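A short worksheet on the structure shown next.
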Amino acid sequence: MVDFAEHRKALLCNDAQSIADYQSAMGEAVTAVSAWLQNDKMYTGGSIKDLREAISFAPSKEGLGVQQSLQRMVELFLNKSLKVHHPHSLAHLHCPTMVMSQIAEVLINATNQSMDSWDQSPAGSLMEVQLVDWLRQKVGYGAGQAGVFTSGGTQSNLMGVLLARDWCISKNWKDENGKPWSVQRDGIPAEAMKNVKVICSENAHFSVQKNMAMMGMGFQSVVTVPVNENAQMDVDALEKTMAHLQSEGKIVSCVVATAGTTDAGAIDPLKKIREITTKYGSWMHIDAAWGGALILSNDHRAMLDGIELSDSITLDFHKHYFQSISCGAFLLKDEANYRFMHYEAEYLNSAYDEEHGVPNLVSKSLQTTRRFDALKLWMTVEALGEELYGSMIDHGVKLTREVA
0 MVDFAEHRKA
10 LLCNDAQSIA
20 DYQSAMGEAV
30 TAVSAWLQND
40 KMYTGGSIKD
50 LREAISFAPS
60 KEGLGVQQSL
70 QRMVELFLNK
80 SLKVHHPHSL
90 AHLHCPTMVM
100 SQIAEVLINA
110 TNQSMDSWDQ
120 SPAGSLMEVQ
130 LVDWLRQKVG
140 YGAGQAGVFT
150 SGGTQSNLMG
160 VLLARDWCIS
170 KNWKDENGKP
180 WSVQRDGIPA
190 EAMKNVKVIC
200 SENAHFSVQK
210 NMAMMGMGFQ
220 SVVTVPVNEN
230 AQMDVDALEK
240 TMAHLQSEGK
250 IVSCVVATAG
260 TTDAGAIDPL
270 KKIREITTKY
280 GSWMHIDAAW
290 GGALILSNDH
300 RAMLDGIELS
310 DSITLDFHKH
320 YFQSISCGAF
330 LLKDEANYRF
340 MHYEAEYLNS
350 AYDEEHGVPN
360 LVSKSLQTTR
370 RFDALKLWMT
380 VEALGEELYG
390 SMIDHGVKLT
400 REVA
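In structure tokens:
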């Protein structure tokens with residue numbers, strides 16, 4: 000016989016036992032994390048062979064219960080995890096996290112809002128719109144709502160090159176009625192498959208090639224140019240490459256500039272790249288997943304001069320902004336270009352809602368169901384203030400220069 004009391008207790012709801020179990024287990028989880036943090040060793044999980052022998056998933060019919068399952072995960076997962084806050088944890092762009100980010104995660108998980116429509120996240124939708132507006136002003140785009148939070152740099156870069164490709168094709172190809180070609184409606188013209196190119200530096204993030212392949216354009220659609228002695232895109236090589244491609248009948252839909260390369264942290268010459276892309280009629284996307292934190296810098300904001308000239312920007316907050324994974328954003332200068340990925344689902348973003356300004360953010364995202372990750376950045380900026388936040392970012396730059 001079904002025991003519905005056990006159902007209610009298992010769900011986070013207004014059931015008294017559910018709330019009691021939640022409070023107790025959360026307290027124990029916090030205690031376990033605190034003990035883990037106090038262990039000075041960066042990693043105690045052993046070799047991959049040790050982990051394979053220790054880790055096994057073998058659920059029982061009866062279940063372990065909340066307490067025993069938590070205790071098992073403390074030993075199996077928590078105590079065997081890498082401490083990203085440790086001074087020796089340097090191999091990846093994998094940051095320690097803000098206390099406020101962790102607190103925000105509790106609220107995000109408990110409320111379980113979905114950002115695809117206003118009625119699934121009433122407050123969260125409005126808060127994300129305001130945070131996007133704040134970010135737009137920080138990069139120099141000016142006030143507006145064209146942008147969305149993402150899972151990270153790869154997804155944001157995908158949005159940039161996707162919109163750039165479809166924008167390019169709409170400009171350069173006509174349908175049978177003489178109207179701008181719609182990739183959404185008619186797919187990619189055969190000629191465009193061969194002739195539309197994306198340019199990035201040889202040090203750009205691998206997601207440029209990966210995303211173009213996923214879009215059906217293939218690795219062949221990506222042309223890389225060399226870097227200079229400072230690991231920045233060589234703008235003379237860029238100019239020559241674009242001229243050569245044009246002479247061969249190719250069309251450069253997008254140049255992806257990097258503000259903070261993975262290995263060197265190099266920032267490409269953004270203003271000069273904008274001049275060249277304007278000359279050839281190409282979209283400029285800036286992958287600022289790493290260096291974009293400098294928009295909050297008190298001392299180094301000038302290193303991003305020219306970011307405001309781009310057509311779209313990638314930002315990652317789970318890197319130099321010290322947010323928990325995942326937390327990124329895509330910013331689009333001209334909201335009209337969202338038309339290339341717009342799709343109306345009556346139950347999510349009806350024409351009525353759009354006409355009346357209801358912020359159903361599904362129209363701006365590649366995702367449908369989406370977490371309210373923007374809360375982490377909101378709470379951190381609000382708690383720390385821009386000056387303290389900026390000083391933490393500046394300290395990272397200072398340390399880098401000391402060891403370079």
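Quick note on numbering: the sequence shown equals residues 0 to 403 in numbering that gives the first Met the number 0. Positions of the beta carbon are idealized from the N, C-alpha and C atoms, including for glycine. Only a predicted model underlies this, so the values are computations on that prediction, with no experimental measurement involved.
- Residues A230 of the same chain have their beta carbon placed closer than 6 Å to that of A263, with the five preceding and five following residues left out of the count.
- Where H284 is concerned, the enclosing beta strand (DSSP E) starts and stops at W282 to A287.
- For V226, there is no enclosing alpha helix (DSSP H), as DSSP gives it neither H nor E.
- A34 and K79 have their C-alpha atoms roughly 13 Å apart.
- Looking at the DSSP output, S200 shares a beta bridge with V224.
- Under the three-state reduction of DSSP output, D315 falls in the strand class.
- Approximately 16 Å separates the beta-carbon atoms of I198 and A258; this is outside 8 Å, ruling out the contact.
- Taking G151 as the centre and dropping the five residues before and after it, the same chain places the C-beta of A288, D315, H317, I324, S325, C326 and G327 closer than 8 Å to its C-beta, in chain order.
- Shown here for M99: same chain residues with a beta carbon closer than 7 Å to its own, the five before and five after excluded, namely M378, T379 and A382 in chain order.
- For I54, there is no enclosing alpha helix (DSSP H), as DSSP marks it with neither H nor E.
- Counted as a single uninterrupted DSSP element, the alpha helix (DSSP H) harbouring V98 occupies residues V98 to T110.
- In this structure, the alpha-carbon of W180 lies about 26 Å from that of R273.
- Exclusion of the five residues before and after A28 leaves L69 as the residues of its chain whose Cβ lies within less than 7 Å of its Cβ.
- Distance from the CA of V32 to the CA of G45, rounded to the nearest whole angstrom, comes to 19 Å.
- DSSP places V357 outside both helix and strand once states are collapsed to three, so it counts as coil.
- Boundaries of the beta strand (DSSP E) harbouring T149: G146 to T149, taken from the DSSP string.
- Taking the CA atoms as reference points, L63 sits about 14 Å from S55.
- Cβ contact annotation for K196 (same chain, cutoff 8 Å, sequence separation greater than five): S220, V221, V222, L244, K249, I250, V251 and S252, in chain order.
- For C253, DSSP records a beta bridge to V197 and W282.
- Look at F76 here: in three-state DSSP terms it is coil, with no helix or strand label.
- Straight-line measurement puts the Cα of N176 at about 47 Å from the Cα of M302.
- In the structure shown, M213 falls within a helical segment according to DSSP collapsed to helix, strand and coil.
- The closest CA to that of G186, considering only S155, G215, Q322 and V73, is found on G215.
- Distance from the Cα of D333 is smallest, within the candidate group L162, K375 and D118, for L162.
- The three-state secondary structure of A242, taken from DSSP, is helix.
- Around the beta-carbon of I285, 16 or more other beta-carbon atoms lie within 10 Å, marking it buried.
- Around S155, the same chain offers T149, T313, G327 and F329 as residues with beta carbons nearer than 6 Å, after the five sequence neighbours per side are excluded.
- When C-alpha distances from A256 are compared across A242, E247 and G291, the shortest belongs to G291.
- F329 sits in a strand when the DSSP states are folded into three classes.
- Judged by their CB atoms, F371 and E127 are nearer to each other than the 9 Å cut-off.
- Residue environment for F218: exposed (fewer than 16 other C-beta atoms within 10 angstroms of its C-beta).
- Look at A258 here: in three-state DSSP terms it is strand.
- Remark: C-beta atoms of V361 and S116 approach each other more closely than 9 Å.
- For V224, same chain residues with a beta-carbon under 8 Å away, outside a window of 5 residues either side, are I198, C199, S200, E201, M232, D233, A236, L237 and T240 in chain order.
- Inter-residue distance for L89 and N38 is about 18 Å (C-alpha atoms, whole angstroms).
- For secondary structure counted as the beta strand (DSSP E) over 3 or more consecutive residues, the region 138-181 holds these complete runs in sequence order: 146-149.
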